[in-house]
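Structure below.
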């Protein structure tokens, strides 16, 4: 079995982004935070560190875990209107009563580098240029990096979130794969997933995908990032069991994650250098 790590691909994307960031005015990413969740805050810190490494300024706007939805919306609208900000994202989770989808509508689509605005998602679904969610784009980038053929192949996505499952299904369709989306109410999940030549697990349930869910020789992409008992992360795929069946499999951590962060910064640099037509370049991830 081949292990599909994201390290080399992420490094290549960062190098490209660094060159693009140096070609014009310094790109600036703003991340709005309204949570005390430590895993989420760790991720934001990692984004800021990675941004500094490629020459992108990163402003973390921490509104606190009790921020009212109105204040979050006003902050996003203000940053959207700020010409000094090129990329903007809203970190989750959010305080009770706050809807990520509703609040993301306040993000200017030209600055929506993580594809959260419903308008961005709608353009993606229609096959129009838009920044896709970075995690969904990272899955496609990994498949391309390892030269996994998609046209005409059977792809199954487990999970229907607007962050990964739904946008990824559209990206795969654009590449001429035959796509099935599974979810919590799919009957006999293994019967569906075991037909996949390319299987993406993005349900957020540790160990959901076992050997019985995977066709021999299939390419399996694990998007899951679930807390493990040892304080680390574990994926949606039982790595040990599936590695005996799959032809290729991403690890957690070290697979999709590094590529996601690298693409988020790439989108920011692209938005900075093409502020009026960034979406014309965005559809390729």
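In my numbering, the protein residues as written are 842 to 1126. We put the CB at the ideal spot given by N, CA and C, even for glycine.
Length of the line joining the Cα atoms of residue 1103 and residue 1034:
When rounded, the separation of the alpha-carbon atoms in residue 1103 and residue 1034 is 29 Å.
Beta-carbon within less than 6 Å of residue 1049's beta-carbon, same chain only, minus the 5 sequence neighbours each way: which residues are those?
The residues are 1077.
Compute the beta-carbon to beta-carbon distance between residue 829 and residue 1109, rounded to the nearest angstrom, for a pair I have assumed lies under 8 Å.
One cannot answer for residue 829 here, as it falls past the ends of the chain, which runs 842 to 1126.
Judging by CA-CA distance, which residue of 842, 1106, 1113 and 1112 is the nearest neighbour of residue 975?
Taking only the C-alpha atoms, the option nearest residue 975 is 1106.
Sorted by chain position, which residues of the same chain lie with C-beta nearer than 6 Å to residue 965's C-beta, five sequence neighbours on each side aside?
If we look at residue 965 and ignore the five residues flanking it on each side, its Cβ neighbours are 971, 973, 1008 and 1011.
Is it true that the CB of residue 948 sits closer than 8 Å to the CB of residue 957?
Closer than 8 Å, so yes.
Opposing strand residues paired with residue 928 [DSSP bridges]:
Bridge partners of residue 928: 870.
Please determine if the segment 1083–1092 and the segment 1051–1062 are in contact, where contact requires at least 3 C-beta pairs separated by less than 8 Å.
Enough Cβ pairs lie closer than 8 Å, so yes.
CB-CB length for residue 852 against residue 920, believed under 8 Å:
With 8 Å as the limit, residue 852 and residue 920 do not qualify as a contact, their Cβ atoms being about 29 Å apart.
Considering only residues of the same chain and omitting the five flanking positions on each side of residue 902, which have a CB-CB separation below 8 Å?
Residues of the same chain with a CB within less than 8 Å of the CB of residue 902, apart from the 5 flanking positions on each side, are 871, 872, 873, 874, 916 and 920 in chain order.
Length at least 4, wholly inside the segment 1058–1110: the alpha helix (DSSP H) runs in chain order:
When DSSP assignments are scanned along the segment 1058–1110, the uninterrupted stretches of alpha helix (DSSP H) that are 4 or more residues long and fall wholly within it turn out to be 1080–1083.
Status (buried if at least 16 other CB within 10 Å, exposed otherwise) for residue 1071:
Exposed: under 16 other Cβ atoms inside 10 Å.
Length of the line joining the Cα atoms of residue 1021 and residue 994:
Taking the straight line joining both Cα atoms gives about 11 Å.
Candidates 1096, 980 and 897, of which the one nearest residue 857 by Cα
It is 897.
Name, in chain order, the residues that DSSP records as bridge partners for residue 1021.
According to DSSP, residue 1021 shares a beta bridge with 997.
When DSSP labels each residue in this structure, what does residue 901 get in the three-state scheme?
Residue 901: strand per DSSP, three-state reduction.
Is residue 930 near the ligand COA, with its Cβ less than 7 Å from a heavy atom?
Ligands displayed in this structure: none; no statement on the ligand COA is therefore possible.
Cutting at 8 Å between CB atoms, please list the residues of its own chain near residue 843, excluding the five before and the five after it.
Cβ within range, chain order: 987, 1088, 1089 and 1090.
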